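**Q** Residue numbers (the numbering used here): 44 to 396.
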Amino acid sequence: MIIKKTDLRGFENLAGLDNGRPDMNLEIIKNSKILIVDDDPSNLGVLLDGLSNLECTVMLAQNGETALEIAYEKQPDLILLDILMPGMDGFEVCRRLKDNKGGRDAPVIIFITAVTDTSRKVMGFKLGAVDFITKPFHRDDVTARISTHLGIRKLQKDLMEKNNRLQQEIADHRQAEELLLHEKLLSEEYINSLPGLFYVFDEERFVRWNRQWEKVTGYSNKEMAAMYGTDFFEGEDRTFIAEQMMKVFSEGAAEAEAEVVTKNGRRIPYYFTGLRKEFNGKHHLVGLGLDSTERRRAMEKLEIFNRLAVSRELKMIELKKEINTLMEASGKEPRYVIAGQSENQLPSQRISS
């Protein structure tokens, strides 16, 4: 095992994404932990060279057993994993890593291979790999793929943390609601201290609400008293909220995410929970709404990042096709493998499979 800490100098002008997209985000790679697994020392050398100007920790392994030991101990963020190795191959290493993590927070795995067989790629994706890098390696291509997938991993972890925080907030508020209702302490002071939209409905109208409703929606206390729960929603959201409210009264509980429409027309996404409670022999819906704007933004960012990654891959395939066409027209052998064609190694950084 070799662990190497490098620095960031010399890589500042690396070509980024085109068509106005931002340059490759080298900050994503900075301080990350990358494990390279290949039984061929020359392959390890080429990949290590490609990462030598980035401030990251690089670990090396020449067989599957060592790779697993390092992965379990050092918890790398990403693994470049050769498929064809003596003893335990890359597929088995990937399978064990995913099984050990139960599919949660496992490292990002990119297979490296000289084989272009589609069935092997399908198997790799089924096992949980996110990408394939075909030998011979091109430094910019390898670095771009690492940057892309580490970026996606970071967004996914951020989104998971936001979801966990939201779920914890929901659980805390539910517990507070249960205590409040059990002790019948629906005091103005208490409900107005809640950060979200607290509400109590009967089957006809609002019974209780906190001042946060008036602050968020812009409606006065008098206007709120004449409104029903669905009055704050429009279109499909209104229908959906009405269905979930009926579900609370019929089944005892429900939850929903929808956009609250304020008095001035502003739309704010909220996550609502509702419980059925009985007061004075009559069923009521008691619940809380939490602003889910940050969660929605995180999901949108992740979706955009995924689209950029797919778009970049398609553009790279098209570029390779164009290069092959030009080389064939000039009587030269194609440079890149496209759709099963024979592969010629690049002039630079030739390595054995």
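Using N, Cα and C, we set each Cβ at its ideal position, and we do this for glycine too.
A quick note: this is a predicted structure, and the numbers were derived from the prediction, not measured.
1) Determine the direct distance from the alpha carbon of I77 to that of D125, and round the result to whole angstroms.
2) According to DSSP, what are the bridge partners of P319?
3) Assuming the contact rule is C-beta atoms closer than 8 Å, A149 and G171 should be a hit. Round their C-beta distance to whole Å, please.
4) Tell me whether Y314 is buried or exposed, calling it buried when 16 or more other Cβ atoms sit within 10 Å of its Cβ.
5) For the 8 Å Cβ check, are there 3 or more pairs between the stretch 274–281 and the stretch 349–366?
6) Where in the stretch 143–171 do unbroken runs of the beta strand (DSSP E), each at least 3 residues long, occur, reported from the N-terminal end onward?
7) To the nearest angstrom, report how far apart E246 and K200 are at their CA atoms.
8) Is it buried or exposed, M102, if we count other Cβ atoms within 10 angstroms and call 16 or more buried?
9) For the alpha helix (DSSP H) containing V353, name the first residue and the last one.
10) Please name the residue or residues paired with R310 in a DSSP beta bridge.
11) What number of angstroms, rounded off, separates the C-alpha of A301 from the C-alpha of S373?
12) Give me whichever residues DSSP pairs with E298 in a beta bridge.
13) Using only alpha-carbon positions, find the residue among A214, Q287, L318 that is nearest to L34.
14) Give the DSSP-derived three-state secondary structure of L123 in the structure shown.
15) What residue from F322, L90, A341 has the CA that sits closest to D183's CA?
16) Of the choices I122, N207, L198, Q218, whose alpha-carbon is the least far from that of S335?
17) At which residues does the alpha helix (DSSP H) containing D174 begin and terminate?
18) Can you tell me whether R310 is buried or exposed, with buried defined as 16 or more other CB within 10 angstroms of its CB?
19) Quick one: what does DSSP say E376 is sitting in, helix, strand or coil?
20) Taking the CB atoms as reference points, tell me whether K116 and M131 lie closer together than 7 Å.
21) Anyone know if the C-beta pair for L209 and R338 falls short of 7 Å?
22) Specify, as a first and last residue, the run of the alpha helix (DSSP H) that A268 falls within.
23) For A104, which beta-bridge partners are listed by DSSP?
24) Just tell me which of V136, E298, T305, L69 has its CA closest to the CA of I79.
25) Can you round the beta-carbon distance between I176 and I195 to whole angstroms, since I take them to be within the 8 Å contact cut?
26) Are the beta-carbon atoms belonging to A297 and K290 less than 7 Å from one another?
27) Who are the near neighbours of G332 in its chain, counting only those whose CB is closer than 6 Å to its CB and skipping five residues on each side?
28) Could you tell me how far apart the beta carbons of T159 and G93 are, in whole angstroms, since I believe they sit closer than 8 Å?
29) List the residues that DSSP assigns as beta-bridge partners of V185.
30) Is DSSP giving Y242 helix, strand or coil here?
31) Name the residue from G278, N367, F244 whose alpha carbon lies nearest to the alpha carbon of M270.
**A** The short version:
1) In the sequence shown, residue 125 corresponds to position 82, counting from 1. In the sequence shown, residue 77 corresponds to position 34, counting from 1. A direct Cα-Cα distance of roughly 14 Å separates D125 from I77.
2) As a working mapping, residue 319 is identified with position 276 in the sequence shown. First, the amino acid is wrong: residue 319 is Arg here, not Pro. When DSSP reads this structure, R319 sits in a beta bridge with L328.
3) The residue labelled residue 149 in the question sits at position 106 within the sequence shown. The residue labelled residue 171 in the question sits at position 128 within the sequence shown. Under the criterion of beta carbons closer than 8 Å, A149 and G171 qualify as touching, at roughly 7 Å.
4) As a working note, residue 314 is residue 271 in the sequence shown. With 16 or more Cβ atoms within 10 Å of its Cβ, Y314 is classed as buried.
5) Not touching, per the Cβ criterion.
6) With a minimum length of 3 residues, the continuous beta strand (DSSP E) runs that stay inside the stretch 143–171 are 151–156.
7) Position 203 of the sequence shown holds residue 246. Position 157 of the sequence shown holds residue 200. Rounded to whole angstroms, E246 to K200 spans 41 Å at the Cα level.
8) Position 59 of the sequence shown, counted from the start, is the residue given in the question as residue 102. Residue environment analysis places M102 among the buried positions, since at least 16 neighbouring C-beta atoms fall within 10 angstroms of its C-beta.
9) On the sequence shown, residue 353 is found 310 positions in, with the first residue counted as 1. V353 -> alpha helix (DSSP H) spans 336–372.
10) Numbered from its first residue, the sequence shown carries residue 310 at position 267. According to DSSP, which records beta bridges pairwise, R310 is partnered with V304.
11) Start at 1 with the first residue of the sequence shown, and residue 301 comes out as number 258. Start at 1 with the first residue of the sequence shown, and residue 373 comes out as number 330. Cα to Cα, A301 sits roughly 59 Å from S373.
12) Here residue 298 is taken as the residue at index 255 of the sequence shown, counted from 1. E298 pairs with T316.
13) Because the chain spans 44 through 396 in this model, residue 34 falls outside it and cannot be assessed.
14) As a working note, residue 123 is residue 80 in the sequence shown. Note: L123 maps to strand in three-state DSSP.
15) What you label residue 183 is simply residue 140 of the sequence shown in a count that begins at 1. The option with the nearest alpha carbon to D183 is L90.
16) Position 292 of the sequence shown, counted from the first residue, corresponds to residue 335. Closest in alpha carbon position to S335, among I122, N207, L198, Q218, is N207.
17) Counted from its first residue, the sequence shown places residue 174 at position 131. Run containing D174: none in the alpha helix (DSSP H); it sits in the beta strand (DSSP E), 174–177.
18) Translated into positions along the sequence shown, residue 310 becomes position 267. Exposed is the call here.
19) Locating residue 376 in the sequence shown gives position 333, where the first residue counts as 1. Residue state, collapsed to three classes: coil.
20) In the sequence shown, the residue the question calls residue 116 occupies position 73. In the sequence shown, the residue the question calls residue 131 occupies position 88. A small correction: the amino acid at residue 116 is Glu; Lys does not occupy that position in the sequence shown. Between E116 and M131, the CB-CB gap reaches or exceeds 7 Å.
21) Here residue 209 refers to the residue found at position 166 of the sequence shown. Here residue 338 refers to the residue found at position 295 of the sequence shown. Cβ distance < 7 Å, so L209 and R338 count as in contact.
22) Against the sequence shown, residue 268 aligns to sequence position 225. For A268, the enclosing alpha helix (DSSP H) stretches over residues 264–268.
23) Reading the sequence shown from its first residue, position 61 is the one you call residue 104. Note: A104 is bridge-paired with V80 in the DSSP secondary-structure output.
24) Counting from 1 along the sequence shown, the entry for residue 79 is found at position 36. Closest option to I79, Cα to Cα, is V136.
25) By one-based count along the sequence shown, residue 176 stands at place 133. By one-based count along the sequence shown, residue 195 stands at place 152. Actually they do not touch by this definition, with Cβ atoms about 16 Å apart.
26) In the sequence shown, residue 297 corresponds to position 254, counting from 1. In the sequence shown, residue 290 corresponds to position 247, counting from 1. Contact: yes.
27) On the sequence shown, residue 332 is found 289 positions in, with the first residue counted as 1. Closer than 6 Å at the Cβ level, and outside the excluded window around G332, lie G239, L240, Y313, F315.
28) For the purposes of this step, residue 159 is taken as residue 116 along the sequence shown, with counting starting at 1. For the purposes of this step, residue 93 is taken as residue 50 along the sequence shown, with counting starting at 1. Between T159 and G93 the beta-carbon gap is near 21 Å, outside 8 Å, which marks them as no contact.
29) For the purposes of this step, residue 185 is taken as the residue at position 142 of the sequence shown. Looking at the DSSP assignment, V185 forms no beta bridge with any residue, so it has no partner.
30) Mapped onto the sequence shown, residue 242 falls at position 199. Taken through DSSP and simplified to helix, strand or coil, Y242 comes out as strand.
31) For the purposes of this step, residue 270 is taken as the residue at position 227 of the sequence shown. Among G278, N367, F244, the Cα nearest to that of M270 is on F244.
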